[in-house]
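> Positions 42 to 236 (the working numbering) are the ones given, in order, by the first sequence.
All residues carry an ideal CB built from backbone N, CA and C; glycine is no exception.
Would you mind keeping the following structure in view while I ask a few things?
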Amino acid sequence: MPRRKRLPRSFYRRDPRVVAPELLGKVLVQGGLSARIVEVEAYCGAEDPGSHAYRGMTKRNATMFGPAGGLYVYFTYGMHWCANAVCGEEGEGVAVLLRAAEPLTGIEEMRSRRPAARRDRDLCRGPARLCQAFGLDGSFDGANLPTADRGVTIVDDGTPPPVAPTIGPRIGLSAGTDLPWRWSVAGDLHLSRPA
DNA sequence: ACCGGGATGTTCT
DNA sequence: GAACATCCCGGTG
Numbered sequence: 042m043p044r045r046k047r048l049p050r051s052f053y054r055r056d057p058r059v060v061a062p063e064l065l066g067k068v069l070v071q072g073g074l075s076a077r078i079v080e081v082e083a084y085c086g087a088e089d090p091g092s093h094a095y096r097g098m099t100k101r102n103a104t105m106f107g108p109a110g111g112l113y114v115y116f117t118y119g120m121h122w123c124a125n126a127v128c129g130e131e132g133e134g135v136a137v138l139l140r141a142a143e144p145l146t147g148i149e150e151m152r153s154r155r156p157a158a159r160r161d162r163d164l165c166r167g168p169a170r171l172c173q174a175f176g177l178d179g180s181f182d183g184a185n186l187p188t189a190d191r192g193v194t195i196v197d198d199g200t201p202p203p204v205a206p207t208i209g210p211r212i213g214l215s216a217g218t219d220l221p222w223r224w225s226v227a228g229d230l231h232l233s234r235p236a
């Protein structure tokens, strides 16, 4: 059994563009479910036109402006949830979006939540799919990852981040698409799109 | 494999 | 009233 260490608040309390690539290879855990993170994006607050925080704090994005290590879960497209790890200092409004992961444990439970997934590799392949597989919704918004608040946390199992991750533009935005703030594990089969 | 359209409703302008 | 950090399904090739 490899060691399994929860990421401390100090891990998150940095620039999201530094935290994002380091999250690759870490393991998202919620109850008996776990999956290895393979794709992430950085969102950089008031300077970032693609970020929810660009126009300041609202009721919806308040968690983003809270302490590092918070889980920012938001609702979009009338049916989907997406999850971020809040980074930086309080008030900055910076975070890392969890876009895709490789299912490790609790696969049966994930499958029952995601009947549309044909293969196991589709269970957490995309930010909203990942949330659906894990059952993450608005009730998890604001959960504190370093203390496994509400059962959700991110752990280091000894797998190092990739030395040369794939870097590219963020997906699904209408502003800020030119910024190369998406990181993924090169060639991984569980990415939201091939890269 | 690839592409196009519809779903669905909260949030902010 | 428009936009939305998306996904699924059914078409075609």
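Take every Cβ of the stretch 85-99, pair it with every Cβ of the stretch 125-139, and state whether three or more of those distances are shorter than 8 angstroms.
Contact holds: three or more Cβ-Cβ distances are below 8 angstroms.
> Shorter than 7 angstroms, the distance from the beta carbon of LEU220 to the closest heavy atom of the ligand FMN, or not?
Ligands in the displayed structure: none, and consequently the ligand FMN is not present.
> What's the C-alpha gap between ALA184 and GLU82?
Looking up residue 184 in the first sequence gives position 143. Looking up residue 82 in the first sequence gives position 41. Their backbone Cα atoms lie some 20 angstroms apart in a straight line.
> Classify ASP219 as buried or exposed, calling it buried when 16 or more other Cβ atoms lie within 10 Å of its own Cβ.
Sequence index remark: in the first sequence, residue 219 carries index 178 (1-based). With fewer than 16 other Cβ atoms within 10 Å, it is exposed.
> By alpha-carbon positions, which one of GLY129, GLN71, PRO57 and ARG223 ends up nearest to THR194?
Numbered from 1 along the first sequence, position 153 holds the residue referred to as residue 194. Checking every option, the nearest Cα to that of THR194 belongs to GLN71.
> For PHE106, which option in PRO221, LEU186 and CYS128 has the closest C-alpha, if you only look at C-alpha atoms?
Position 65 of the first sequence holds residue 106. Answer by Cα proximity: CYS128.
> Kindly indicate which three-state DSSP category ILE195 falls into: helix, strand or coil?
Taking the first residue of the first sequence as position 1, residue 195 is located at position 154. It is a strand residue.
> So what does DSSP say about THR207, is it helix, strand or coil?
Taking the first residue of the first sequence as 1, we reach residue 207 at position 166. Residue state, collapsed to three classes: strand.
> Under 8 angstroms, do ASP182 and THR117 count as touching if we go by C-beta distance?
Counting from 1 along the first sequence, the entry for residue 182 is found at position 141. Counting from 1 along the first sequence, the entry for residue 117 is found at position 76. The answer is no: Cβ separation not under 8 angstroms.
> Can you tell me whether TYR113 is helix, strand or coil according to DSSP?
As a working note, residue 113 is residue 72 in the first sequence. DSSP places TYR113 in strand when its eight states are reduced to three.
> Tell me where the alpha helix (DSSP H) around ARG50 begins and ends.
Taking the first sequence and counting its residues from 1, one reaches residue 50 at position 9. Its alpha helix (DSSP H) spans residues 50-53.
> Measuring straight from C-alpha to C-alpha, what distance separates LEU69 and ILE78?
Residue mapping note: residue 69 aligns to position 28 of the first sequence, counting from 1. Residue mapping note: residue 78 aligns to position 37 of the first sequence, counting from 1. Each residue's Cα considered, the two are about 7 angstroms apart.
> Identify the continuous beta strand (DSSP E) that holds VAL137 and give its terminal residues.
Taking the first residue of the first sequence as position 1, residue 137 is located at position 96. Unbroken beta strand (DSSP E) run through VAL137: 135-146.
> Roughly how many angstroms lie between the CA atoms of VAL196 and VAL204, to the nearest whole one?
Working through the first sequence from its first residue, we reach residue 196 at position 155. Working through the first sequence from its first residue, we reach residue 204 at position 163. So the alpha carbons of these two residues sit roughly 19 angstroms apart.
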